[in-house]
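In terms of full-length UniProt numbering, the sequence shown has 24 at position 24, counting the first letter as 1, and numbering is strictly consecutive.
Don't be surprised by glycine CBs; every beta carbon is placed ideally from N, CA and C.
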Amino acid sequence: VALLSRVHHRNLVSFIGYCDEAEKMILIYEYLPRGNLHQALSGKKFMDLDLRYF
């Protein structure tokens, strides 16, 4: 978690924080309004050509 909070790059989603309670841990990242990486790679969401071939 400490490493995630120090990594900053324009091509990476920003790490916001985390919650660690009992047996569950939740990582909180920046909101992605255009979908997630799986959707982008599988073609389930529309992406314009400029983004698709970036």
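Whole-angstrom Cβ separation of residue i and residue j, contact assumed at under 8 Å?
i, j, result
"residue 13", "residue 30", "5 Å"
By Cβ distance, which residues of its chain are closer than 7 Å to residue i, with the 5 residues on each side in sequence left out?
i, result
"residue 23", "none"
"residue 1", "18"
Starting from residue i, follow the beta strand (DSSP E) in both directions and report where the run begins and ends.
i, result
"residue 32", "First-last for residue 32: undefined, no H or E at that position."
"residue 43", "Neither: residue 43 is in no beta strand (DSSP E) and is coded neither H nor E."
"residue 23", "First-last for residue 23: undefined, no H or E at that position."
Would you mind reading off the limits of the alpha helix (DSSP H) that contains residue i?
i, result
"residue 5", "2-6"
Counting only the same chain and skipping the five closest in sequence on each side, list residues whose C-beta sits under 8 Å from that of residue i.
i, result
"residue 25", "18, 19"
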